[in-house]
Amino acid sequence: MNADAGRAAGRTLPLWEVFVRGKRGLNHVHVGSLHAADGEMALRNARDLYTRRNEGVSIWVVPSAAIVASSPDEKDPFFAPSGDKVYRHPTFYDIPGHVPHM
Amino acid sequence: MTATAAEAGLAGQFERTIARDARIEPRDWMPEKFRATMIRQIAQHAHSEIIGMQPEGNWITRAPSLRRKAILLAKVQDEAGHGLYLYSACETLGADRGDLTERLISGRQKYSSIFNYPALTFADVGVIGWLVDGAAICNQVPLCRCSYGPYARAMIRICKEESFHQRQGYELLMTMMSGTAGQRAMVQDAVDRWWWPSLMMFGPPDAQSANTAQSMAWKIKRHSNDELRQRFVDMTVPQAEALGVTLPDPGLRWNAERGAYDFGEVAWAEMKQVVAGNGPCNAERVARRKAAHEAGGWVRDAAAAHAAKQAARQETRAVS
Amino acid sequence: MSFDHAYQAITEDTGAGGEPTGPLDGHWAFGNGFADPLAGIDTTVPDGVDAADLALYCLMLGDDALIMSHRVQQWCTRAPELEDEVALANIALDLLGQARLLLARAAAAAGTAPGPGGEDGYAFFRAEHEFRNVRLAELARGDFGELIARLVVFSTWRLAVLRQLTASRDPVLAAVAAKGVKEVTYHRDYAAQWLVRLGDGTAFSRRRAQAGLASIWPYVAELFIPADAERRLAGIGVAVHPAGLRDEFDGAVGQVLAAAALAIPDLAPRAGVAGRTGRDGVHTEAMGYLLAELQSVARAHPDARW
Chain A
16 MNADAGRAAG
26 RTLPLWEVFV
36 RGKRGLNHVH
46 VGSLHAADGE
56 MALRNARDLY
66 TRRNEGVSIW
76 VVPSAAIVAS
86 SPDEKDPFFA
96 PSGDKVYRHP
106 TFYDIPGHVP
116 HM
Chain B
151 MTATAAEAGL
161 AGQFERTIAR
171 DARIEPRDWM
181 PEKFRATMIR
191 QIAQHAHSEI
201 IGMQPEGNWI
211 TRAPSLRRKA
221 ILLAKVQDEA
231 GHGLYLYSAC
241 ETLGADRGDL
251 TERLISGRQK
261 YSSIFNYPAL
271 TFADVGVIGW
281 LVDGAAICNQ
291 VPLCRCSYGP
301 YARAMIRICK
311 EESFHQRQGY
321 ELLMTMMSGT
331 AGQRAMVQDA
341 VDRWWWPSLM
351 MFGPPDAQSA
361 NTAQSMAWKI
371 KRHSNDELRQ
381 RFVDMTVPQA
391 EALGVTLPDP
401 GLRWNAERGA
411 YDFGEVAWAE
421 MKQVVAGNGP
431 CNAERVARRK
441 AAHEAGGWVR
451 DAAAAHAAKQ
461 AARQETRAVS
Chain C
296 MSFDHAYQAI
306 TEDTGAGGEP
316 TGPLDGHWAF
326 GNGFADPLAG
336 IDTTVPDGVD
346 AADLALYCLM
356 LGDDALIMSH
366 RVQQWCTRAP
376 ELEDEVALAN
386 IALDLLGQAR
396 LLLARAAAAA
406 GTAPGPGGED
416 GYAFFRAEHE
426 FRNVRLAELA
436 RGDFGELIAR
446 LVVFSTWRLA
456 VLRQLTASRD
466 PVLAAVAAKG
476 VKEVTYHRDY
486 AAQWLVRLGD
496 GTAFSRRRAQ
506 AGLASIWPYV
516 AELFIPADAE
526 RRLAGIGVAV
536 HPAGLRDEFD
546 GAVGQVLAAA
556 ALAIPDLAPR
566 AGVAGRTGRD
576 GVHTEAMGYL
586 LAELQSVARA
596 HPDARW
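Residue numbers (the working numbering), protein chains in the order written: chain A, 16 to 117; chain B, 151 to 470; chain C, 296 to 601.
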């Protein structure tokens with residue numbers, strides 16, 4: 016089942032990208048992503064997971080779908096040269112049988 | 151340019167990126183098999199962190215001192231966090247966490263077999279920290295230089311946290327080994343049960359590891375199974391001596407010519423059984439994860455429903 | 296990154312962008328606060344304060360935190376989503392930390408030598424009737440609706456107590472309270488946000504949330520009945536008289552329930568035994584099982600250090 020169907024069934028909450036600024040004077044840096052139902056929840060989850068509750072840290076959360084990306088040195092014709100999504104569209108992957116277990 | 155020529159060009163770029171030890175990033179072209187391999191490897195690593203919460207998690211409520219309870223709770227919490235970092239890395243390849251969870255609980259994707267062994271005493275908590283996290287660190291430090299960027303970055307963060315875990319496990323064992331006779335016996339018993347499974351964490355011997363070559367070529371895997379296993383033994387034997395425990399291997403001895411420890415044959419047949427699903431705890435580990443996921447369905451649905459309602463309310467307010 | 300020096304390679308401190316930063320900072324979830332919680336703090340009992348009363352009061356607040364933490368710990372590997380595993384472990388760790396501080400302070404007031412023997416002696420070697428937690432904390436684990444309802448009530452109540460306790464004449468209690476206020480504010484917000492999601496989300500989640508509230512509400516009245524020692528200490532500015540907090544509690548909880556579209560249960564308070572409840576060491580049947588789990592390993596090795 017792909018992610019769109021998963022979300023439609025209410026099974027997967029939307030994906031958010033997390034940006035963290037550890038210290039005044041530095042930039043916000045992308046640290047990863049997480050799932051949350053809304054911005055409030057995403058912020059809380061991000062604070063718990065990516066800053067270990069450090070209150071001094073500034074956090075931005077953005078729905079992954081809202082990010083407009085251009086990465087010209089990451090080369091794939093699937094992506095438009097500018098103004099496209101951060102990641103590939105989630106799809107269903109059939110793992111070939113000969114790919115080994117961990 | 152024809153489609154084949156274009157694809158050949160992209161494949162060439164992919165190969166050159168790998169060859170110069172640079173990172174493949176999410177929007178790069180990559181062979182389908184590379185993507186599939188990465189998804190499977192990262193997902194199974196993530197599943198391992200989550201399942202790995204269980205054997206130690208079972209001892210949180212029974213920890214015999216408040217300090218140990220706090221340390222163990224923090225460690226298990228870290229493991230949940232590691233799972234989250236890894237699922238996040240996996241999603242950059244187009245996977246979906248809900249789908250990956252389904253694959254875990256239906257048995258289509260696996261996790262590290264070490265967690266199919268039972269944690270039977272509180273000493274197991276220390277031994278798991280010392281040996282299992284120790285073996286994991288041996289596996290994981292090289293992954294910090296893995297060719298796929300998001301995975302390598304997640305591994306850097308994870309490795310930093312796991313070094314603390316291993317030290318806390320070892321420190322518990324040191325305390326117990328200088329304690330009562332009962333504590334010392336508990337530690338030795340735990341070592342006797344966890345030593346060989348820890349060696350199995352490095353996978354089958356190189357001669358039987360069919361796909362190592364491709365993973366090495368793609369710089370996903372940077373050292374062979376046997377190489378890492380040997381490294382782990384060499385690092386761990388002196389630690390066991392310092393602790394005052396014996397490792398359950400009569401074949402273990404220093405080989406001056408090789409500059410390494412000779413050790414006995416791993417029971418590969420047992421490993422196969424455990425990997426195939428017949429280990430002591432396979433069923434329970436998956437069942438617990440499945441139960442939590444299913445029991446949580448109505449909660450996740452509620453969160454999604456509330457978010458949708460809030461969004462609709464905001465729109466109504468904006469319009470009116 | 297050298298493979299030979301695995302620990303060196305991975306313990307260089309790096310900033311968010313991967314650049315090395317200062318010396319290693321304690322990178323646990325909550326810093327390195329695992330050592331003796333009251334190390335370096337003056338634990339003399341203030342003038343005019345009865346040491347036995349003070350010890351008992353600290354046990355009350357400490358046991359509340361210890362037992363509630365235990366119930367939250369039982370959700371480990373059972374949470375509805377991985378993000379909640381992390382959040383619930385936070386809550387359990389915070390409460391455990393408060394318990395350690397309070398039990399250690401009780402030991403100091405009672406004249407026990409400093410060190411883990413104090414906090415661990417109380418946690419692992421008291422009998423059931425010596426535990427002073429309110430019964431709300433020990434109730435058996437229900438579903439997520441019950442957990443959230445209980446956390447909303449417990450956190451709102453505890454926050455109200457700790458806020459006033461920051462002005463305690465005992466400097467140790469005041470300091471513990473100041474730290475606890477930040478933590479419990481976070482817990483209350485987590486729980487309140489979830490209660491709203493559950494109350495508003497689906498018909499099923501609303502029923503579960505309402506049922507959760509119903510199962511814990513009969514234990515609310517007990518939260519505001521002072522024990523004798525509590526009353527005495529409140530009179531001299533050391534403790535907080537809980538009866539005075541009921542209005543604040545009702546206001547705060549009422550707000551959350553209204554936002555969640557949930558009804559305040561209309562249920563009679565659960566009676567004690569000849570009027571005696573948790574604060575008197577008279578607990579529910581759940582407490583015996585809880586302590587059996589909590590204490591079993593420690594009691595099996597009574598002379599051991601861990």
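Where is the CB? At the ideal position from N, CA and C, for every residue including glycine.
Proximity of R59 of chain A to chain C, defined by a Cβ-Cβ separation below 8 angstroms, is satisfied. Between the stretch 347 to 358 of chain B and the stretch 306 to 316 of chain B there are fewer than three C-beta pairs closer than 8 angstroms, too few to call the two in contact. At a beta-carbon threshold of 7 angstroms, the residues of chain B lying near A52 of chain A are A453, A454, H456 and A457, ordered along the chain.
The beta-carbon of F352 of chain B is placed no less than 8 angstroms from the nearest beta-carbon of chain C. Distances from the CA of I520 of chain C to each of C:R565, C:I531 and C:G410 were compared; the closest alpha carbon is that of C:R565. Annotation for W404 of chain B: the continuous beta strand (DSSP E) segment containing it runs R403 to N405.
Proximity of E32 of chain A to chain C, defined by a Cβ-Cβ separation below 8 angstroms, is not satisfied. Residues of chain A whose Cβ lies closer than 8 angstroms to the Cβ of A382 of chain C are, in chain order, R59, N60 and D63. For P78 of chain A, the pairing in a beta bridge is given by DSSP as A:W31. For I264 of chain B, no pairing in a beta bridge is given by DSSP. DSSP, read as helix, strand or coil, puts I200 of chain B in helix. In the three-state scheme derived from DSSP, where H, G and I count as helix and E and B as strand, V592 of chain C is classed as helix. For A410 of chain B, the secondary structure class from DSSP, reduced to helix, strand or coil, is strand. Taken through DSSP and simplified to helix, strand or coil, I336 of chain C comes out as coil. Restricting attention to beta strand (DSSP E) runs no shorter than 3 residues, the stretch 319 to 343 of chain B encloses none. At a Cβ-Cβ threshold of 8 angstroms, S364 of chain C and L390 of chain C count as neighbours. The alpha helix (DSSP H) runs lying completely inside the stretch 267 to 294 of chain B and spanning 4 residues or more are 272 to 277 and 283 to 293, given in chain order. In this structure, the alpha-carbon of L457 of chain C lies about 12 angstroms from that of L397 of chain C. Under the three-state reduction of DSSP output, Y102 of chain A falls in the coil class, being neither helix nor strand. Per DSSP, reduced to three states, the secondary structure at H43 of chain A is coil, with no helix or strand assignment. G401 of chain B and F382 of chain B do not touch by the CB rule: their CB atoms are close to 16 angstroms apart, not below 8 angstroms.
Proximity of the stretch 552 to 561 of chain C to the stretch 480 to 494 of chain C meets the contact definition, three or more beta-carbon pairs being nearer than 8 angstroms. Annotated as distal: S297 of chain B and I189 of chain B, with beta-carbon spacing of 8 angstroms or more. By a beta-carbon distance limit of 8 angstroms, R430 of chain C contacts Y514 of chain C. Their separation comes to about 5 angstroms. If the five residues before and after Y417 of chain C are omitted, its C-beta is found closer than 6 angstroms to the C-beta atoms of L398, all from its own chain and listed in chain order. Per the C-alpha coordinates, the member of C:F420, C:L388 and C:V447 positioned closest to A547 of chain C is C:V447.
Distance from the Cα of R464 of chain C is smallest, within the candidate group C:V340, C:S591 and C:V592, for C:V340. Per the coordinates, the alpha-carbon of P347 of chain B lies some 6 angstroms from the alpha-carbon of I264 of chain B.
A direct Cα-to-Cα measurement between E444 of chain B and R438 of chain B gives close to 10 angstroms. When rounded, the separation of the alpha-carbon atoms in V424 of chain B and Y267 of chain B is 9 angstroms.
The beta carbons of R483 of chain C and T461 of chain C sit no closer together than 8 angstroms. H50 of chain A is bridged by DSSP to A:L30. At a cut-off of 8 angstroms between C-beta atoms, D356 of chain B does not count as an interface residue with respect to chain A. Listed along chain A are P92, each with a C-beta nearer than 8 angstroms to that of A156 of chain B. The three-state reading of DSSP puts R247 of chain B in helix, counting H, G and I together. Counting the other Cβ atoms within 10 Å of the Cβ of A81 of chain A gives fewer than 16, which makes it exposed.
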